[in-house]
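Counting from 1 along the sequence shown, just add 1 to a position and that's the residue number in our numbering.
These notes concern the structure reproduced below.
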Amino acid sequence: MKKGFAVVVASLLMMVSLAGCGYAEGGSVSTDGSTSMEKVIGVLGESFMEANADVNFTYNPTGSSAGITAALEGTCDIGLSSRYLKEEEKEQGLLETILAYDGIAIIVHPDNPVADLTMEQIAGIYTGTITNWSEVGGNDGEIVCIGREAGSGTRDGFETITGTEDACQYRQELTSTGAVITAVASNPNAIGYASLASVKETVKALSVGGVVPSEETVRDGSYAIQRPFVLVTREGVALSETAQRFFDYVTSAEAHELIAAAGVVPVQ
Numbered sequence: 002m003k004k005g006f007a008v009v010v011a012s013l014l015m016m017v018s019l020a021g022c023g024y025a026e027g028g029s030v031s032t033d034g035s036t037s038m039e040k041v042i043g044v045l046g047e048s049f050m051e052a053n054a055d056v057n058f059t060y061n062p063t064g065s066s067a068g069i070t071a072a073l074e075g076t077c078d079i080g081l082s083s084r085y086l087k088e089e090e091k092e093q094g095l096l097e098t099i100l101a102y103d104g105i106a107i108i109v110h111p112d113n114p115v116a117d118l119t120m121e122q123i124a125g126i127y128t129g130t131i132t133n134w135s136e137v138g139g140n141d142g143e144i145v146c147i148g149r150e151a152g153s154g155t156r157d158g159f160e161t162i163t164g165t166e167d168a169c170q171y172r173q174e175l176t177s178t179g180a181v182i183t184a185v186a187s188n189p190n191a192i193g194y195a196s197l198a199s200v201k202e203t204v205k206a207l208s209v210g211g212v213v214p215s216e217e218t219v220r221d222g223s224y225a226i227q228r229p230f231v232l233v234t235r236e237g238v239a240l241s242e243t244a245q246r247f248f249d250y251v252t253s254a255e256a257h258e259l260i261a262a263a264g265v266v267p268v269q
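Dropping the structure here:
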């Protein structure tokens, strides 16, 4: 989303590579889940490996629900979810630790003249009561609604916030954030939603109710469509020494700069 991201991250990695984590003698950390968390968890994993010789860090982008299941079944060290845990999941012994907050951007093709939608208009588009861009100030053209698959944390967050649970009429349901962005970028009449941290210049992020999605508006709460990035672990089940080091590092103040550089808002 931001130019120079790689340069910023490289500089931050140099600053934190010898800080906080300490030296771990081998070991591994496996994470599994939300595709929206790819950028932030990738940066944090790289930083951790820089500071800990012989550690192997892995990230499996399977989606939030799959990551939660993996944490529950013990097939990964830490699950990754871009939604809050449900009560029934907590009752199964899962714990949520919020790593950061991320905006869910409403995205359209760059040539689309529409720049702002209200929450009511977004809900109307996705539930089929608004079907043409001309109804919301755009060109004459049938709106193509693109979203995520069932079980996606991004979809859960979007539908919960917009009040469209089980009512959305999708033309396409895709299995990753990147796929949604690519689909919208290739269709002038498409609309989609994606992690703000992952939005590229190939699409245009709309303001919602006059509020532009940004790190600042997510932080101050003025941008309404936002959700948490969650680390999922099991209550009463200790992490391995290496996984615990990673967990402690990414939830410490030392990691805040890297988290912010990845385009999301770290928990203070």
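Virtual Cβ for every residue (Gly too), placed ideally from N, Cα, C.
For residue j and residue i, the rounded distance between their alpha carbons
i: T333; j: P189; result: As displayed, the chain neither begins before 2 nor continues past 269, which places residue 333 out of reach and without an answer.
i: G104; j: V266; result: 9 angstroms
i: E217; j: S199; result: 16 angstroms
i: T203; j: R220; result: 25 angstroms
i: G142; j: Q122; result: 16 angstroms
i: I1; j: N53; result: Because the chain in this structure spans residues 2 to 269, residue 1 falls outside the shown range and cannot be described.
i: Y85; j: T36; result: 15 angstroms
i: G272; j: A254; result: For the chain, the structure presents residues 2 to 269; residue 272 sits outside this window and is missing.
i: S196; j: V212; result: 16 angstroms
i: Q245; j: V109; result: 40 angstroms
i: F248; j: T178; result: 24 angstroms
i: T1; j: G129; result: As displayed, the chain neither begins before 2 nor continues past 269, which places residue 1 out of reach and without an answer.
Where residue i sits in the DSSP three-state scheme
i: I45; result: It should be noted that the sequence gives Leu, not Ile, for residue 45. Here L45 sits in helix by DSSP.
i: Y102; result: strand
i: G148; result: strand
i: A225; result: coil
i: P90; result: Pro is not the amino acid found at residue 90; the sequence shown has Glu there. Helix, per DSSP.
i: A25; result: Here the model assigns A25 a pLDDT of 44, short of 50, so the residue's position is not dependable and the matter cannot be decided.
i: L95; result: strand
i: R84; result: coil
i: L240; result: coil
i: A54; result: coil
i: S199; result: helix
i: D33; result: strand
i: A67; result: helix
i: G193; result: strand
i: T178; result: helix
Neighbourhood of residue i by C-beta, 7 angstroms cutoff - its chain only, sequence neighbours within 5 removed
i: A101; result: V41, F230, I260, V265, V266, P267, V268
i: N57; result: S29
i: Q173; result: I147, A184
i: T243; result: A25, G28, S29, V30, V56
CB contact check: residue i to chain E, cutoff 7 angstroms
i: T130; result: Considering every chain present, this structure includes no chain E. It has just one protein chain.
Identified DSSP bridge partners for residue i
i: N133; result: E143
i: Q173; result: I147
i: I162; result: Paired residues: none, contrary to the question.
i: K205; result: V109
i: Y127; result: BP columns for Y127 are empty, so no partner.
i: R235; result: L95
i: L118; result: V209
i: F230; result: A101
Distance CB(residue i)-CB(residue j) smaller than 7 angstroms
i: G68; j: R235; result: no
i: L1; j: T32; result: Past the boundaries of the shown model lies residue 1; the chain is included only from 2 to 269, so the question cannot be answered.
i: L207; j: I107; result: yes
i: A124; j: T165; result: yes
i: T119; j: G46; result: no
i: C169; j: Y127; result: yes
Contact set for residue i: own chain, Cβ-Cβ below 8 angstroms, skip 5 residues either direction
i: L175; result: I147, G148, R149, E150, V181, A184
i: A71; result: D33, G34, N61, T63, C77, G80
Cβ shell of residue i (< 6 angstroms), same chain only, five flanking positions each side left out
i: I162; result: I226
i: G23; result: Because the pLDDT of G23 is 46, which lies under 50, any placement of that residue in the model is unreliable, and the number read from its coordinates should be weighed accordingly. The answer is none, since no qualifying residue turns up.
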